[in-house]
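Numbering (this note's numbering), first residue to last: 19 to 372.
The structure appears below as C-alpha cells.
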Ligand SMILES: [Zn+2]
C-alpha cells in the first residue's frame, strides 16, 4: 500500500531566535511543546550581541505594538528585552552559559540548528550598506561561534528579518552553507551572487504569513475570538496548496507567554490535517536530487502586508501564488534607491510601505 504521507503536505517549522531572553526563556518553552507534540523543527540562533533595545523606538513608531501584537506585547517581548543595547548593555548571547545550554538542548533533542545572525538589529538595519568585506566578516563570526557552541559546522542559515543580498549569498556560500531560508514567498531557488552567477546552495523561502502579520490584519487581530481563526487559516493554506511550506515563528512571539497556547493549537491543527514536519536540511537534500530543476533567481526587496520593514523576495519571473498575500507594489527598481545589492537583473520593489 502506498503510504498516505507520501502525498502529505510537508512543513518546515523555522524557529527564529532573535534575542537573549528568547534564547533563555522562549527556546525551552518551545522545546517542551515540540517534545509533547512529537514535532521536529529547525532553530536559527542569533549568536552575538542583543541590541534589541535600539530597535524599540523604530518598532514603536511603526505601530508594531499597537497594530501587530494586540495581545500584550510586554508579555511577548519583555521590558528588559526592549532596553538591551540602550539603557542596559547588550548581552552577548553566544557567551552566556544559560543561553548556550538552551541552544545545546535544542540539538540534543534532535532538532536541526542553524545560524540566524550575529547582531540581528545591525544586520537588519545596515546590510544593504555593508561592503562585501564586512558582510563576509560578519558571516564568518557567526560560523566560528556556531562551531564553538555546537562542535560542528553550520549547514543552514536564515537571515535576520529576511534581510539578504547578493553579498550575503556569496558570503554564506563561501562559509559552506547548504541551505538558507532568507526570503519570503514562492518556490525554492538558487540565489544569485553579485556577479550574476547562482549560489550552489538552495534558498527555501518562508511561504506562509507569520502569526504577527496575520494579527496585524483586522480579520484576525480584532479580538481574542478572531485570533483563534489564525490556526484554521494557516492550516488551510498548507493543506490546500500541498507540497513544501516553510513557516517562520519567533521564540519571542510563539515562545512567549501571550501567544504560546495559540501556537500549540496551531501545531495540533496541522497534525490533525496530516501535515508532515521536515527540517530545512531535509527539504534541501530532496531539492538537490538530480533533475529537481531548481531555478536561479536574484534576491530583491519588497513589502508584505502586516510587516513594517522590507523583506527579501525572489525576483524575475517569480510566482507568489503560494503566498496568501499579493505583493503590494511590484515593479520599482530598487537600484536607484537607498537599498541596493539585491541581485542584478532582478525586478525590484518599493522602498517603503505607503
Ligand atoms: Zn529574527
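The C-beta atom is built at its ideal place from N, Cα and C for all residues, glycine as well.
Next on the checklist: One question on the structure: do residue 331 and residue 186 come within less than 8 angstroms of each other, judged by their Cβ atoms?
Outcome noted: Here residue 331 corresponds to residue number 313 of the chain shown, with the count starting at 1. Here residue 186 corresponds to residue number 168 of the chain shown, with the count starting at 1. Their beta carbons are not under 8 angstroms apart, which means residue 331 does not touch residue 186 by this criterion.
Next on the checklist: Measuring only the C-alpha atoms, how far is residue 54 from residue 294?
Outcome noted: Numbered from 1 along the chain shown, position 36 holds the residue referred to as residue 54. Numbered from 1 along the chain shown, position 276 holds the residue referred to as residue 294. Using only the alpha carbons, I get a separation of about 16 angstroms.
Next on the checklist: If I follow the unbroken alpha helix (DSSP H) through residue 53, where does it start and stop?
Outcome noted: Along the chain shown, one-based indexing puts residue 53 at 35. Residue 53 -> alpha helix (DSSP H) spans 45-55.
Checklist entry - Where does the unbroken alpha helix (DSSP H) through residue 113 begin, and where does it stop? => result Working through the chain shown from its first residue, we reach residue 113 at position 95. Looking at the DSSP string, residue 113 is not in any alpha helix (DSSP H), and its letter there is neither H nor E.
Item to check | Three-state secondary structure assigned by DSSP to residue 143 | outcome: Taking the first residue of the chain shown as 1, we reach residue 143 at position 125. Three-state result, residue 143: helix.
Item to check | Ordered list of alpha helix (DSSP H) runs contained in the region 271-330, each at least 4 residues | outcome: 278-290, 298-305
Item to check | Three-state class that DSSP yields for residue 214 in the structure shown | outcome: Indexing the chain shown from 1 puts residue 214 at position 196. Here DSSP, grouped into helix, strand and coil, assigns residue 214 to coil.
Checklist entry - With distances taken from CA atoms, which of 43, 50, 28, 304 is nearest residue 282? => result Counting from 1 along the chain shown, the entry for residue 282 is found at position 264. Nearest to residue 282 by C-alpha distance, out of 43, 50, 28, 304, is 50.
Next on the checklist: Taking the beta carbon of residue 116 as the centre, do at least 16 other beta carbons fall within 10 Å, making it buried, or is it exposed?
Outcome noted: As a first step, residue 116 must be located in the chain shown, where it is residue number 98. Around the C-beta of residue 116, fewer than 16 other C-beta atoms lie within 10 Å, and the residue is accordingly described as exposed.
Checklist entry - For residue 244, does the three-state DSSP call read helix, strand or coil? => result Locating residue 244 in the chain shown gives position 226, where the first residue counts as 1. The DSSP-derived three-state label of residue 244 is helix.
Checklist entry - Taking the alpha-carbon positions, what's the residue 212 to residue 314 distance? => result Translated into the one-based positions of the chain shown, residue 212 becomes position 194. Translated into the one-based positions of the chain shown, residue 314 becomes position 296. Between the C-alpha atoms of residue 212 and residue 314 there is a straight-line separation of about 13 angstroms.
Checklist entry - So is the beta-carbon of residue 34 under 7 angstroms away from any non-hydrogen atom of ligand 1? => result The residue you call residue 34 lines up with position 16 of the chain shown. It does: the Cβ of residue 34 is within 7 angstroms (strictly closer) of some heavy atom of ligand 1.
Next on the checklist: Quick check on DSSP: helix, strand or coil for residue 29?
Outcome noted: In the chain shown, the residue the question calls residue 29 occupies position 11. Three-state result, residue 29: strand.
Checklist entry - DSSP on residue 230, reduced to helix/strand/coil? => result Stepping through the chain shown from its first residue, residue 230 is reached at position 212. Helix.
Checklist entry - Could you give the uninterrupted runs of the beta strand (DSSP E) lying entirely in the region 129-185, keeping only those of 3 residues or more? => result 130-135
Next on the checklist: Between 274, 333, 45, which has its C-alpha nearest residue 203's C-alpha?
Outcome noted: As a position in the chain shown, residue 203 is number 185, starting the count at 1. If we check each option's Cα against that of residue 203, 333 comes out closest.
Checklist entry - Which residues does DSSP pair with residue 221 in a beta bridge? => result Numbered from 1 along the chain shown, position 203 holds the residue referred to as residue 221. For residue 221, the beta-bridge partners assigned by DSSP are 198, 207.
Checklist entry - Based on the DSSP output, what are the partners of residue 332 in its beta bridges? => result Against the chain shown, residue 332 aligns to sequence position 314. Checking the DSSP bridge columns, you'll see residue 332 partnered with 317.
Next on the checklist: By alpha-carbon positions, which one of 183, 52, 36, 173 ends up nearest to residue 154?
Outcome noted: The residue given as residue 154 occupies position 136 in the chain shown. Nearest C-alpha to residue 154: 183.
Item to check | Environment of residue 36 [buried if 16+ CB atoms lie within 10 Å] | outcome: In the chain shown, counting from the first residue as 1, residue 36 sits at position 18. Buried is the call here.
Checklist entry - Leaving out the 5 sequence neighbours to the left and right, which residues in its chain are closer than 7 angstroms to residue 343 when beta-carbon positions are compared? => result On the chain shown, residue 343 is found 325 positions in, with the first residue counted as 1. The predicted model places residue 343 with a pLDDT of 41, which falls under 50 and marks its position as unreliable; any figure quoted below should be read in that light. Excluding positions up to five away in sequence, the list reads 227, 322, 323.
Checklist entry - What residue does the beta strand (DSSP E) around residue 60 start on, and which one ends it? => result Within the chain shown, numbered from 1, the residue matching residue 60 stands at position 42. Looking at the DSSP string, the run of the beta strand (DSSP E) that includes residue 60 is 60-64.
Checklist entry - How is residue 235 classed by DSSP in three states: helix, strand or coil? => result As a working mapping, residue 235 is identified with position 217 in the chain shown. The answer is coil: DSSP assigns residue 235 none of H, G, I, E or B.
Item to check | Buried versus exposed, by CB contacts within 10 Å (16 or more), residue 236 | outcome: Counting from 1 along the chain shown, the entry for residue 236 is found at position 218. Residue 236 is exposed by the Cβ-count criterion.
Next on the checklist: Suppose the cutoff is 6 angstroms on Cβ atoms and the five residues either side in sequence are ignored; what does the same chain contact list for residue 138 look like?
Outcome noted: In the chain shown, counting from the first residue as 1, residue 138 sits at position 120. 36, 64, 178, listed in sequence order.
Next on the checklist: Using a Cβ-based criterion (distance less than 7 angstroms to any ligand heavy atom), does residue 178 qualify as near ligand 1?
Outcome noted: Sequence index remark: in the chain shown, residue 178 carries index 160 (1-based). Inclusion of residue 178 in the 7 angstroms shell around ligand 1 follows from its C-beta lying nearer than that to a non-hydrogen atom of the ligand.
Checklist entry - Is it the case that the Cβ atoms of residue 176 and residue 132 are separated by a distance below 8 angstroms? => result Start at 1 with the first residue of the chain shown, and residue 176 comes out as number 158. Start at 1 with the first residue of the chain shown, and residue 132 comes out as number 114. The answer is yes: Cβ separation under 8 angstroms.
Item to check | Bounding residues of the beta strand (DSSP E) (the contiguous stretch that carries residue 262) | outcome: Counting from 1 along the chain shown, the entry for residue 262 is found at position 244. For residue 262, the uninterrupted beta strand (DSSP E) segment begins and ends at 262-268.
Checklist entry - Can you check whether the CB of residue 207 is closer than 8 angstroms to the CB of residue 12? => result Only positions 19 to 372 of the chain appear in the structure, and residue 12 is not among them; the question remains open.
Item to check | Distance between residue 271 and residue 238 (C-alpha atoms, nearest Å) | outcome: In the chain shown, residue 238 corresponds to position 220, counting from 1. In the chain shown, residue 271 corresponds to position 253, counting from 1. In a straight line, the C-alpha of residue 238 is about 16 angstroms away from that of residue 271.
Item to check | residue 82, buried or exposed, once every other Cβ within 10 Å from all chains shown has been counted against 16 | outcome: Residue mapping note: residue 82 aligns to position 64 of the chain shown, counting from 1. Reliability of the predicted coordinates at residue 82 is poor, the pLDDT of 48 falling under 50, and no value is obtained from them.
Next on the checklist: What does DSSP give as the partner residue(s) for residue 258 in the beta ladder?
Outcome noted: By one-based count along the chain shown, residue 258 stands at place 240. According to DSSP, which records beta bridges pairwise, residue 258 is partnered with nothing at all.
Checklist entry - Who pairs with residue 34 in a beta bridge, going by DSSP? => result Here residue 34 is taken as the residue at index 16 of the chain shown, counted from 1. 62, 268, per the DSSP bridge assignment.
Checklist entry - What do you reckon, are the CB atoms on residue 125 and residue 41 nearer than 8 angstroms? => result As a working note, residue 125 is residue 107 in the chain shown. As a working note, residue 41 is residue 23 in the chain shown. Result no, Cβ atoms of residue 125 and residue 41 do not sit closer than 8 angstroms.
Checklist entry - Using the C-alpha atoms, what's the distance from residue 231 back to residue 345? => result Indexing the chain shown from 1 puts residue 345 at position 327. Indexing the chain shown from 1 puts residue 231 at position 213. Residue placement at residue 345 is flagged as unreliable, the pLDDT there being 41, under the threshold of 50; the coordinate-derived value follows with that caveat. Going by the C-alpha atoms only, they are around 14 angstroms apart.
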